[in-house]
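One structure is given below, encoded as structure tokens.
There are 2 protein chains.
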Amino acid sequence: MTSILVCDDSPLARETLRRAVATVPGVDRVTTASSGEEVLRRWTADRVDLVLMDVRMPGLGGVESVRRLVSTDPTARVIMLTMAEDLDGVALAVASGARGYLHKDASRAELRATVSQALADPTWRLAPRRLRPAEVGSAPTLTAREIQVLEGMSHGRSNAEIGRDLFLSEDTVKTHARRLFKKLGASDRAHAVALGFRWGLVR
Amino acid sequence: MTSILVCDDSPLARETLRRAVATVPGVDRVTTASSGEEVLRRWTADRVDLVLMDVRMPGLGGVESVRRLVSTDPTARVIMLTMAEDLDGVALAVASGARGYLHKDASRAELRATVSQALADPTWRLAPRRLRPAEVGSAPTLTAREIQVLEGMSHGRSNAEIGRDLFLSEDTVKTHARRLFKKLGASDRAHAVALGFRWGLVR
DNA sequence: ATGTGCGTAACGCTTTCGGGTGATGCTCGT
DNA sequence: ACGAGCATCACCCGAAAGCGTTACGCACAT
Numbered sequence: 001m002t003s004i005l006v007c008d009d010s011p012l013a014r015e016t017l018r019r020a021v022a023t024v025p026g027v028d029r030v031t032t033a034s035s036g037e038e039v040l041r042r043w044t045a046d047r048v049d050l051v052l053m054d055v056r057m058p059g060l061g062g063v064e065s066v067r068r069l070v071s072t073d074p075t076a077r078v079i080m081l082t083m084a085e086d087l088d089g090v091a092l093a094v095a096s097g098a099r100g101y102l103h104k105d106a107s108r109a110e111l112r113a114t115v116s117q118a119l120a121d122p123t124w125r126l127a128p129r130r131l132r133p134a135e136v137g138s139a140p141t142l143t144a145r146e147i148q149v150l151e152g153m154s155h156g157r158s159n160a161e162i163g164r165d166l167f168l169s170e171d172t173v174k175t176h177a178r179r180l181f182k183k184l185g186a187s188d189r190a191h192a193v194a195l196g197f198r199w200g201l202v203r
Numbered sequence: 001m002t003s004i005l006v007c008d009d010s011p012l013a014r015e016t017l018r019r020a021v022a023t024v025p026g027v028d029r030v031t032t033a034s035s036g037e038e039v040l041r042r043w044t045a046d047r048v049d050l051v052l053m054d055v056r057m058p059g060l061g062g063v064e065s066v067r068r069l070v071s072t073d074p075t076a077r078v079i080m081l082t083m084a085e086d087l088d089g090v091a092l093a094v095a096s097g098a099r100g101y102l103h104k105d106a107s108r109a110e111l112r113a114t115v116s117q118a119l120a121d122p123t124w125r126l127a128p129r130r131l132r133p134a135e136v137g138s139a140p141t142l143t144a145r146e147i148q149v150l151e152g153m154s155h156g157r158s159n160a161e162i163g164r165d166l167f168l169s170e171d172t173v174k175t176h177a178r179r180l181f182k183k184l185g186a187s188d189r190a191h192a193v194a195l196g197f198r199w200g201l202v203r
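Here's what the structure looks like:
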């Protein structure tokens with residue numbers, strides 16, 4: 001009976017991660033939490049074999065959550081999930097007791113491999129490895145152009161205006177729009193902008 | 001007699017902060033509040049030397065709370081507490097009158113240092129970041145219905161679908177949409193969603 | 001060399017949006 | 001009693017958006 005707890009404040013990331021780790025061989029149960037506080041609150045009653053925890057969360061935040069969790073239960077195994085460039089957070093997290101970290105845009109295969117390894121070896125600690133954005137896991141990978149178009153949308157620009165901004169024809173902007181909608185799973189530009197914010201692709 | 005007010009909607013974060021600032025030399029009294037409304041309500045009767053306030057809270061939210069507090073009492077000193085991701089919120093808060101900000105996962109030492117400094121120097125203030133004119137000023141106040149419609153948009157629902165969700169006619173949804181566009185200064189639904197995220201009205 | 005992904009562009013077609021305007025009823029506070 | 005604000009609904013109409021499809025050149029990897 002192997003259980004994993006996915007902790008992320010973003011429902012989207014949570015679901016994606018949940019589905020991803022559920023496919024790891026030997027994993028019987030995947031639960032989710034939306035905050036470090038929730039993990040701590042549930043820990044005594046609902047202990048799991050491995051915790052995947054986001055670094056950046058409202059409230060306690062990943063780092064402090066790991067610190068507290070490990071200080072109450074040194075056998076707790078935690079892998080931190082990080083978006084990018086917050087290496088300070090990762091270093092702190094590892095220093096606080098996390099076994100290692102994974103980039104959120106790691107490939108599904110890498111995620112599964114890491115989880116398998118962490119489950120197989122209780123003493124395992126991850127050597128940080130940088131992974132190429134690949135076919136899944138979490139944040140959809142948009143091209144530079146697609147992000148530019150998405151940003152234009154988030155500033156209330158019409159396709160024609162975005163085209164003028166980027167020296168493109170309106171039809172080309174529409175093509176980029178269509179493609180980024182598909183990648184994000186968005187039904188329209190408003191949805192796309194929302195998903196862009198939730199994934200941290202735009203601000 | 002130096003007093004500090006900690007304002008955060010999360011009880012755990014509130015307690016953590018309370019304990020942390022209580023250890024700062026010279027601090028005699030630490031009170032807590034769970035919402036910006038509560039701070040405003042209690043301000044005249046229960047004035048404090050420094051307020052630590054969370055950016056992201058239900059109801060008024062940190063930004064608007066600071067704005068109102070400072071507009072009623074310009075001597076009020078507020079430090080915003082924030083997560084790494086909402087830099088816009090920080091900038092808005094500082095522009096609205098907050099003296100500075102702290103990351104929630106800042107170290108205890110950092111927290112104490114910042115609080116000490118703010119207490120020692122009543123004029124202490126972070127240099128406000130340059131903001132677009134549209135972003136300065138008061139947070140747009142949307143009605144409950146308007147927020148529901150905005151949320152629907154952020155989930156990619158069409159006006160007709162939002163209407164079915166909320167048991168309204170499509171025309172009514174359109175009216176709400178038009179009004180919230182005007183309030184937010186949005187040019188279309190994508191822009192409105194983006195502004196909703198930037199103001200912390202939706203997530 | 002062959003495929004795959006990206007960037008660019010176009011055309012037709014349907015759906016949806018957004019603005020303008022007007023209207024009714026309700027609940028506040030003054 | 002009155003206006004202000006909110007919620008509700010309706011109609012028209014032009015302007016966008018969104019979708020399917022096709023196509024070409026280019027880079028990069030298998």
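For the record, the sequence lines run as chains A and B.
The first sequence stops at residue 203 when you use UniProt numbering, and every number in between is there.
The second sequence stops at residue 203 when you use UniProt numbering, and every number in between is there.
A virtual CB, placed ideally from N, CA and C, is assigned to each residue, including glycine.
The structure presented is a predicted model; accordingly, all values stated were derived computationally and were not measured.
DSSP-derived helix/strand/coil call for residue i
i, result
"B:Ala33", "strand"
"A:Thr175", "helix"
"residue 204 of chain A", "Lying before the first or after the last residue shown, residue 204 of chain A is absent from chain A, which here runs from 1 to 203."
"B:Met1", "coil"
"A:Met80", "strand"
"B:Met53", "strand"
"B:Val193", "helix"
"A:Val24", "coil"
"A:Leu180", "helix"
"B:Val136", "Note that B:Val136 has pLDDT 41, beneath the 50 cutoff, so the model's placement of it is unreliable and no number is given."
"B:Gly61", "coil"
"A:Glu85", "Here A:Glu85 scores only 42 on pLDDT, less than 50, and its place in the model should not be relied on; the value that follows carries that caveat. In the structure shown, A:Glu85 sits in coil (DSSP, three-state: anything other than H, G, I, E or B)."
"B:Val6", "strand"
"A:Leu111", "helix"
"A:Leu142", "coil"
"A:Leu17", "helix"
"B:Gly185", "coil"
"B:Gly152", "helix"
"A:Gly100", "strand"
Contact check, residue i vs residue j, beta carbons under 8 Å
i, j, result
"B:Val27", "B:Thr2", "yes"
"residue 224 of chain B", "A:Ser154", "Residue coverage of chain B in this structure runs from 1 to 203, which leaves residue 224 of chain B outside it and unanswerable."
"B:Gly36", "B:Ser65", "yes"
"A:Asp165", "A:Gly152", "yes"
"A:Trp43", "A:Pro140", "no"
"B:Val55", "B:Gly62", "yes"
Among the options, nearest to residue i - alpha-carbon criterion
i, options, result
"B:Ser116", "B:Pro140, B:Val51, B:Ala177", "B:Val51"
"A:Ala192", "A:Val202, A:Phe181, A:Leu201, A:Trp199", "A:Phe181"
"B:Leu17", "B:Arg112, B:Trp43, B:Val63", "B:Arg112"
"B:Glu161", "A:Glu146, A:Glu161, A:Ser187, A:Lys183", "A:Ser187"
"B:Val202", "B:Ala45, B:Arg179, B:Leu142, B:Leu168", "B:Leu142"
"B:Arg178", "B:Arg145, B:Ala120, B:Gly62", "B:Arg145"
"A:Thr185", "B:Arg157, B:His176, B:Gly196, B:Ser169", "Looking at the sequence itself, residue 185 of chain A is Gly, so the reference to Thr does not match. Taking only the C-alpha atoms, the option nearest A:Gly185 is B:Arg157."
"A:Phe197", "A:Gly62, A:Leu150, A:Val70, A:Thr114", "A:Leu150"
"B:Ala45", "B:Trp199, B:Asp73, B:Gly61, B:Leu60", "B:Asp73"
"B:Asp121", "B:Leu195, B:Arg29, B:Arg99", "B:Arg99"
"A:Glu38", "A:Val6, A:Leu102, A:Arg19, A:Glu15", "A:Val6"
Whole-angstrom C-beta distance between residue j and residue i, which should lie under 8 Å
i, j, result
"B:Met53", "B:Val78", "6 Å"
"B:Leu31", "B:Val48", "The sequence as given places Thr at residue 31 of chain B; Leu does not occur at that position. At roughly 7 Å, the Cβ-Cβ gap stays under 8 Å, so B:Thr31 and B:Val48 are in contact."
"A:Leu81", "A:Asp9", "Actually they are not in contact, since the Cβ atoms of A:Leu81 and A:Asp9 sit about 11 Å apart, beyond 8 Å."
Sequence-distant residues of the same chain with beta carbon closer than 8 Å to residue i, five excluded per side
i, result
"residue 270 of chain B", "With chain B running from 1 to 203 in the structure shown, residue 270 of chain B is simply not present."
7 Å Cβ shell around residue i - same chain, five flanking residues per side excluded
i, result
"B:Gln148", "Leu166"
"B:Arg68", "Leu40"
"A:Leu119", "Thr2, Gly26, Asp49, Leu50"
"B:Pro133", "Any reading at B:Pro133 needs caution, since the residue's pLDDT is 31, under 50, leaving its predicted position unreliable; the model's value is listed next. Excluding residues within five positions, none has a Cβ falling inside 7 Å."
"A:Ser169", "Gly163"
"A:His176", "Arg145, Glu146, Val149"
6 Å Cβ shell around residue i - same chain, five flanking residues per side excluded
i, result
"B:Arg29", "Ser3"
"B:Ala76", "Leu69, Val70"
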